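Numbering (the numbering used here), first residue to last: 76 to 269.
Some notes on the structure that comes next.
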Amino acid sequence: MTILVDMDDTIEQLLEAWVERCNSLYGRHASVLDVTDWNVAAAFPGLTREQVYGVIEEPGFWKGVLPKPGAAEALRSLAEKGHEIYIVTATEYKHLAEKMDEVLFRYFPFLKWEQVIVTRRKQMIRGDILIDDGPHNLLGGAYRKILFDAPHNRFFDAEGNGMIRVRNWQEAEQAVERIAAEEKRCGEEPFLVK
Ligand SMILES: [Mg+2]
């Protein structure tokens with residue numbers, strides 16, 4: 076299968092580093108649990124959107140972004156099982172190089188630039204599955220949908236929207252395996268309606 080995988084807050088912990096940097100820069104005490112909205116600035120009342128979003132454009136910021144536990148192991152294991160992995164990210168062009176060097180190729184060295192697709196229109200990308208923490212990237216896509224749990228998507232009805240919610244990479248890998256088994260069964264039984 077072709078597995079599309081989001082980057083921010085799916086394979087790495089952008090939010091943790093972002094909230095920490097805003098706290099130290101602006102003397103705040105916010106937690107990632109306060110980010111219950113896709114707009115991160117909403118967790119920092121009194122700060123402008125530019126102040127909050129400017130943080131991730133600071134040179135060196137991405138050096139502090141760590142991978143999600145188990146993400147590298149799961150992606151490597153799925154690749155070894157013969158699945159094709161593509162990172163599909165809506166990354167801003169301004170910090171793209173730093174993010175690739177300091178996060179993707181540093182912690183996921185088995186992935187190559189050829190496996191990276193940069194777009195804000197993920198629904199235009201073809202693949203069997205998308206794993207993403209943004210419901211807006213999953214809705215309307217022609218892929219099977221795995222929603223990576225995050226404080227900002229906790230009130231979203233994943234199941235009601237045809238998505239599988241996973242809380243960590245162990246669950247994500249299991250969900251992929253379940254989908255792979257289903258697809259295999261459908262392929263073997265041509266009269267089975269999906
Ligand atoms: Mg994301």
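We put the CB at the ideal spot given by N, CA and C, even for glycine.
Computed from a predicted structure; not experimentally measured.
I'd like to confirm something about residue i: is its beta-carbon nearer than 8 Å to some heavy atom of ligand 1, or not?
i	result
Glu232	Per the sequence presented here, residue 232 reads as Asp, with Glu not at that position. Not under cutoff, so the answer is no.
Asp81	yes
Gly209	yes
Thr194	no
Thr85	yes
Hey, out of the options, whose CA is closest to residue i's CA?
i	options	result
His158	Leu205, Trp113, Thr85	Leu205
Trp244	Glu257, Glu148, Gln198	Glu148
Leu79	Lys174, Arg196, Glu125, Tyr182	Arg196
Mapping DSSP to helix, strand and coil, what is residue i?
i	result
Pro120	coil
Tyr161	strand
Val107	helix
Check the C-beta distance from residue i over to residue j and give it rounded, since I have them as a contact under 8 Å.
i	j	result
Ile200	Val251	Going by Cβ atoms, the distance from Ile200 to Val251 rounds to 17 Å, so no, they are not a contact pair.
Gly202	Thr85	About 14 Å; that fails the 8 Å criterion.
Lys227	Thr111	Here the sequence assigns His to residue 227, which means Lys is not the residue at that position. That pair is a contact at about 6 Å.
Phe185	Arg151	6 Å
Asp176	Asp81	Rounded, the Cβ-Cβ distance is 19 Å, inconsistent with contact.
Leu222	Arg242	At roughly 10 Å, the Cβ-Cβ gap does not stay under 8 Å, so Leu222 and Arg242 are not in contact.
(request) Would you check if there are 3 or more beta carbon pairs closer than 8 Å linking the segment 105–115 to the segment 134–142? (result) no
(message) Below 8 Å, how does it come out for the segment 211–231 and the segment 177–189: are there three or more Cβ pairs, yes or no?
(response) no
(request) Decide if the segment 138–145 is in contact with the segment 87–96; the criterion is three or more beta carbon pairs, one per stretch, under 8 Å apart. (result) yes
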